[in-house]
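Read through the structure below, which is laid out as structure tokens, and then see the notes.
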Amino acid sequence: MKHGPRPNRYRDAWCGQLTAERSGTQARVAGWVHRRRDHGGLIFIDLRDRAGLLQLVFHPETSPEAHKAAHALRSEDVLTAVGTVVRREAQNVNPNIATGEIELSVTELEILDDAATPPFPVDEDVAVDESLRLKNRAVDLRRAAMLEALTIRHDAVATMRDVLNELDFLEIETPFLTRSTPEGARDFLVPARTQPGSFYALPQSPQLFKQLLMIGGMERYYQIVRCFRDEDARADRLPEFTQLDIEMAFVDEDDVIDTTEAVMGAVFERSGFDVAPPPWPRMTFAEAVGRFGSDRPDTRFGLELKDLGTAVTGSEFKVFSGALESGGVVRGINAGARELSRAELDALTELAKQHGAKGLVWAFVEPEGWRSPIAKFLSEREIAAINSRLETSAGDLLLIVADRATTAGQSLGALRLELSRRFGLIPEGRHDILWVVEFPMFMWHPEEERWDAEHHPFTAPSGDLDDPANLLSRSYDLVLDGNEIGGGSIRIHRRDVQERVFELIGMSADEAQARFGFLLDALGYGAPPHGGIAMGLDRVAALLAGRDNIREVIAFPKATSGGDPLTGAPAPVEPAQLRELGLRLS
Ligand code: ASP
52 MKHGPRPNRY RDAWCGQLTA ERSGTQARVA GWVHRRRDHG GLIFIDLRDR AGLLQLVFHP
112 ETSPEAHKAA HALRSEDVLT AVGTVVRREA QNVNPNIATG EIELSVTELE ILDDAATPPF
172 PVDEDVAVDE SLRLKNRAVD LRRAAMLEAL TIRHDAVATM RDVLNELDFL EIETPFLTRS
232 TPEGARDFLV PARTQPGSFY ALPQSPQLFK QLLMIGGMER YYQIVRCFRD EDARADRLPE
292 FTQLDIEMAF VDEDDVIDTT EAVMGAVFER SGFDVAPPPW PRMTFAEAVG RFGSDRPDTR
352 FGLELKDLGT AVTGSEFKVF SGALESGGVV RGINAGAREL SRAELDALTE LAKQHGAKGL
412 VWAFVEPEGW RSPIAKFLSE REIAAINSRL ETSAGDLLLI VADRATTAGQ SLGALRLELS
472 RRFGLIPEGR HDILWVVEFP MFMWHPEEER WDAEHHPFTA PSGDLDDPAN LLSRSYDLVL
532 DGNEIGGGSI RIHRRDVQER VFELIGMSAD EAQARFGFLL DALGYGAPPH GGIAMGLDRV
592 AALLAGRDNI REVIAFPKAT SGGDPLTGAP APVEPAQLRE LGLRLS
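When you line the sequence shown up against this note's numbering, it's residues 52 to 637, in that order.
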């Protein structure tokens with residue numbers, strides 16, 4: 052804490068900040084009973100406030116009244132106490148806490164609130180069932196790990212604001228009760244009481260508002276903003292999450308990337324996160340997918356994918372030649388010298404299948420050839436060609452997938468990550484950050500026979516709109532240790548181009564006008580070229596705090612079920628409320 056508390060009837064100093072310099076003086080402190088010990092008539096209390104711990108000592112002879120009251124103290128009771136700061140005897144100094152050289156010899160004690168036995172210990176870093184923690188979040192927040200995580204998050208946000216304010220950005224709020232903003236997820240809907248049958252949508256992002264702010268001449272906007280997407284929660288995705296949202300006018304990719312590097316570079320530096328300073332390397336989508344089987348490549352370890360097409364063209368082995376003939380690929384990784392049991396190989400095959408592959412070919416390189424169920428189907432020349440492509444040595448395990456390019460990439464990419472975890476291939480403490488650029492503009496939706504925007508439909512294309520299959524988009528993602536921590540794009544700023552993109556994704560002109568007429572009209576009144584980005588704050592904070600789970604850096608997160616164990620939301624409502632909204636449950 053930078054400043055002492057304003058002295059009042061509860062305290063005039065922070066527990067965690069009293070030091071030997073104050074010995075001999077009086078202090079008043081307040082906080083929670085962290086721990087209690089009795090020693091030959093003396094009672095010791097570790098008192099906790101946000102600044103840290105302070106040892107209180109109660110002497111039966113010198114302060115009989117306070118000592119008597121202290122008998123009643125139990126963990127998590129809330130108190131205020133006055134006493135004299137005294138140096139501890141040398142053998143009692145506790146080097147583990149900042150106030151370990153002193154203690155407060157208490158003369159007056161007032162118990163402010165009596166605590167029931169907490170549902171789990173606050174003073175120890177023991178594993179506690181997450182739903183119990185979320186249900187008793189007020190108690191859980193008292194644990195040191197939560198304070199540390201929320202402080203790291205706060206510091207990151209403060210740095211973001213500092214840097215952007217310095218760069219003349221304006222922080223502007225955008226509405227929560229709005230219309231659907233397509234980011235590719237399901238909307239949360241809010242029924243409108245004043246217009247029965249109509250609904251607001253909670254924003255999946257402030258995308259359209261920030262574009263309107265640019266058309267409105269605000270030039271540089273940012274917001275630390277909540278976004279809502281009605282998707283199934285996962286470890287790295289919750290139905291509501293927070294973004295640092297940025298938009299700039301009259302800019303190209305380099306301007307947005309440069310600004311983001313200034314912001315995020317400062318965030319990493321100030322939090323002591325050990326990642327290379329900007330500028331950060333850029334990798335095209337095609338290279339990321341080709342080498343790592345992912346558009347958010349984890350480059351901290353090797354095991355890169357190699358194309359084996361030329362090694363097996365015209366092979367007798369139909370799995371390989373068939374895939375190639377139907378326009379697919381044969382790709383593999385050299386997993387290095389590893390012994391895996393048959394059951395473990397079956398588990399890897401299962402993982403490849405979960406990512407859409409029809410199967411997985413495995414082979415161990417031995418001096419005389421391959422040990423593999425498919426060795427007998429391949430010629431010596433083919434085996435030699437694959438070995439040379441994968442740069443093998445004796446003992447290496449090879450994993451090969453023959454499939455459509457995306458399926459082969461995704462399944463090998465997943466195997467690569469699984470092997471890195473299993474064999475601990477990521478060097479301790481190493482962090483890699485990079486930009487992925489030149490994404491495809493569209494993905495083909497075979498079921499609906501239409502194109503879908505890979506980023507969102509407001510992203511500017513780069514290339515010929517009449518050739519959607521080969522069109523790239525002017526978007527960019529920031530990837531840290533294999534996590535997409537941010538993404539954005541240069542936007543479409545011309546009405547005709549926006550209309551054409553809506554048309555390509557299967558939206559009729561009438562529908563486009565009905566849903567996005569406000570944007571199209573605004574574009575028609577003179578829009579500057581503009582672009583921006585959004586950083587996922589929850590993930591960034593989790594990485595900075597070294598937590599796997601983003602719920603660890605959110606004060607009141609939803610559980611994986613999407614529900615809130617604390618308040619019980621979502622919950623049924625009174626029939627009268629439904630009537631008022633013009634709703635009936637089916
Ligand atoms: N609105 C986008 C998102 O939420 C980010 C952007 O394009 O700026 O992912």
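Glycine residues also receive a C-beta, built at the ideal position from the N, C-alpha and C atoms.
field: Ala-585 CB to nearest heavy atom of the ligand ASP below 6 Å
entry: yes
message: Given 6 Å as the limit, tell me if Ser-231 has its C-beta closer than that to any heavy atom belonging to the ligand ASP.
response: no
- prompt: Taking C-beta to C-beta, are Ala-453 and Phe-343 nearer than 7 Å?
  reply: no
message: I'd like to confirm something about Ser-540: is its beta-carbon nearer than 6 Å to some heavy atom of the ligand ASP, or not?
response: Yes - the ligand ASP has a heavy atom lying nearer than 6 Å to the Cβ of Ser-540.
task: Counting only runs of 4+ residues fully inside the stretch 114 to 181, write out the alpha helix (DSSP H) ranges in chain order.
output: 115 to 121
message: Check whether the stretch 319 to 330 and the stretch 561 to 580 are in contact - that is, three or more C-beta pairs closer than 8 Å.
response: As far as the Cβ criterion goes, the stretch 319 to 330 does not touch the stretch 561 to 580, which means the pair count is below three.
- prompt: Taking the C-alpha atoms as reference points, what is the distance between His-581 and Asn-59?
  reply: 52 Å
- request: Flag Gln-258 as yes when its Cβ comes closer than 6 Å to any non-hydrogen atom of the ligand ASP, and as no otherwise.
  value: yes
- request: Output yes or no for whether 7 Å exceeds the beta carbon distance between Arg-277 and Ala-252.
  value: no
- prompt: Below 8 Å, can you find three or more Cβ-Cβ pairs linking the stretch 374 to 393 to the stretch 437 to 457?
  reply: yes
message: Bridge partners for Val-488 per DSSP, in chain order?
response: According to DSSP, residue pairing for Val-488 in a beta bridge involves Thr-335, Tyr-527.
message: Only counting the same chain, and skipping five residues up and downstream in sequence, which positions put a Cβ closer than 6 Å to that of Ala-379?
response: Strictly speaking, residue 379 in this sequence is Gly, with Ala absent from that position. For Gly-379, where only same-chain residues beyond five positions count, the Cβ hits under 6 Å are Asp-454, Arg-455.
query: Which of the three DSSP states, helix, strand or coil, is assigned to Met-52?
result: coil
message: Using only the alpha-carbon positions, how far apart do Ala-362 and Ala-403 sit?
response: 22 Å
query: On the premise that Cys-66 lies in contact with Leu-105, defined as a C-beta separation below 8 Å, what is that separation, rounded to the nearest angstrom?
result: 4 Å
- prompt: Per DSSP, which one or two residues make a beta bridge with Lys-357?
  reply: Gly-383
task: Work out the CA separation of Ala-606 and Ala-167 for me, nearest whole Å.
output: 22 Å
field: Assigned secondary structure, Thr-245 (DSSP; H/G/I helix, E/B strand, else coil)
entry: coil
field: Local conformation of Glu-222 per DSSP, three classes
entry: DSSP, read as helix, strand or coil, puts Glu-222 in strand.
message: Just verifying my parser: in three-state terms, what is the DSSP assignment at Gly-460?
response: helix
query: For Ile-275 versus Val-208, is the C-beta distance shorter than 7 Å?
result: yes
query: What number of angstroms, rounded off, separates the C-alpha of Arg-525 from the C-alpha of Met-492?
result: Here the alpha carbons of Met-492 and Arg-525 stand approximately 8 Å from one another.
message: Do Leu-359 and Arg-467 count as a contact pair if the criterion is CB distance below 7 Å?
response: no
- request: Rounded to whole angstroms, what's the CA-CA distance from His-122 to Thr-131? Just pull it up for me.
  value: Rounded to the nearest angstrom, the gap between the Cα atoms of His-122 and Thr-131 is 15 Å.
query: Are Val-144 and Pro-169 close, meaning C-beta to C-beta below 7 Å?
result: Going by beta carbons, Val-144 and Pro-169 fall outside the 7 Å limit.
task: Quick one: grab the DSSP three-state call for Met-265.
output: helix
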